[in-house]
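First residue of the sequence shown? That's 371 in my numbering, and the numbers climb one at a time after it. Every residue, glycine too, gets a C-beta built ideally from N, C-alpha and C. Report on one structure; see the data block that follows.
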Amino acid sequence: GQLAVGGFMGEALNVCDAVTSYRREECMESIAKFLSREQVLELLEKEPCHPGLLVRLAEFGLSSQAIQQALTLPKGQKRFKAVSRCCAFANVAQIEAPLLHVLPDLHSIENIHDLWDCLRVGGPQLARLRKELQLDSCKVILNLLNMRIRLQTLPGLYLLSPLVFSLTGHDGVRKVFETVVDAAQWWPSYPHLKTPSDEAVLKFLNL
Numbered sequence: 371g372q373l374a375v376g377g378f379m380g381e382a383l384n385v386c387d388a389v390t391s392y393r394r395e396e397c398m399e400s401i402a403k404f405l406s407r408e409q410v411l412e413l414l415e416k417e418p419c420h421p422g423l424l425v426r427l428a429e430f431g432l433s434s435q436a437i438q439q440a441l442t443l444p445k446g447q448k449r450f451k452a453v454s455r456c457c458a459f460a461n462v463a464q465i466e467a468p469l470l471h472v473l474p475d476l477h478s479i480e481n482i483h484d485l486w487d488c489l490r491v492g493g494p495q496l497a498r499l500r501k502e503l504q505l506d507s508c509k510v511i512l513n514l515l516n517m518r519i520r521l522q523t524l525p526g527l528y529l530l531s532p533l534v535f536s537l538t539g540h541d542g543v544r545k546v547f548e549t550v551v552d553a554a555q556w557w558p559s560y561p562h563l564k565t566p567s568d569e570a571v572l573k574f575l576n577l
């Protein structure tokens, strides 16, 4: 990356060619944002599904092509993030079908930290969808969180709650809190209320 910043793109590409496949992907990711349109197209002929190159391609205005190539990646975290990143450079009409297509990829992510990482990347793009699709997406995500809920997901709930609040209001936040974090079952210090009040939930989520 530093070589590319210094204007030594040829040397940077040589370094990428010399490292192992895993390190190569990481290396290419670090220099992709410095590549020209011609360089990106040339490199994609060798690596047609490299996420960093596809995002750079989308940045050059070829978002439709980039998204279609990203969709050919194996299902999972990598594909979801690549498609989401490419969608950041596309208009709303272009992103609806691809995002809904890769949303089920989240089901294959068992690690809660990886799941939050995907949501940080894809969340802003899902928020651009039509309201009814936003709600459907939220339902999928909340069901996943419900299956994988752990104590460490609480910071993520703080991040998610403003989105839920903006879409569904106080009642929606209360229902999400009850469904996703049934705190009384595993957090001894939480008040053992059968149904937490709106005030208690909103105070907990800082809303």
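Asked                                                                                           : Found
Beta-carbon spacing of L469, Q447 below 7 angstroms                                             : no
Short Cβ contact (7 angstroms threshold) for C419 with I437                                     : no
Alpha helix (DSSP H) segment containing G431, residue limits                                    : Counting along the chain, G431 falls outside any alpha helix (DSSP H), and DSSP gives it neither H nor E.
Residue span of the alpha helix (DSSP H) that contains G493, given as start and end             : 482-496
Beta-carbon separation (whole angstroms), C488 vs K451, contact threshold 8 angstroms           : 6 angstroms
Inter-residue spacing [alpha-carbon to alpha-carbon] between E412 and G431                      : 16 angstroms
Under the three-state DSSP convention, the category S468 falls into                             : Note that residue 468 corresponds to Pro in the displayed sequence, not to Ser. Helix at P468.
Same chain, Cβ closer than 6 angstroms to A440, neighbours up to 5 away in sequence not counted : L424, A452, V453, C456
Residue nearest to L530 in terms of C-alpha spacing, selected from K403, R500, G492             : G492
Per-residue DSSP class, three states only, for K448                                             : helix
Assigned exposure category for E429 - 16 Cβ within 10 Å defines buried                          : buried
C-alpha distance - V510 paired with D484, whole-angstrom precision                              : 16 angstroms
D475 burial status per 10 Å Cβ neighbour count (16 or more: buried)                             : buried
Cβ distance (whole Å) where Q409 is taken to contact S434 below 8 angstroms                     : With a Cβ gap of about 20 angstroms, Q409 and S434 do not count as contacting.
Three-state class that DSSP yields for N461 in the structure shown                              : coil
Simplified DSSP state of T538, which is helix, strand or coil                                   : helix
Where M517 falls, given that 16 or more other Cβ within 10 Å makes a residue buried             : exposed
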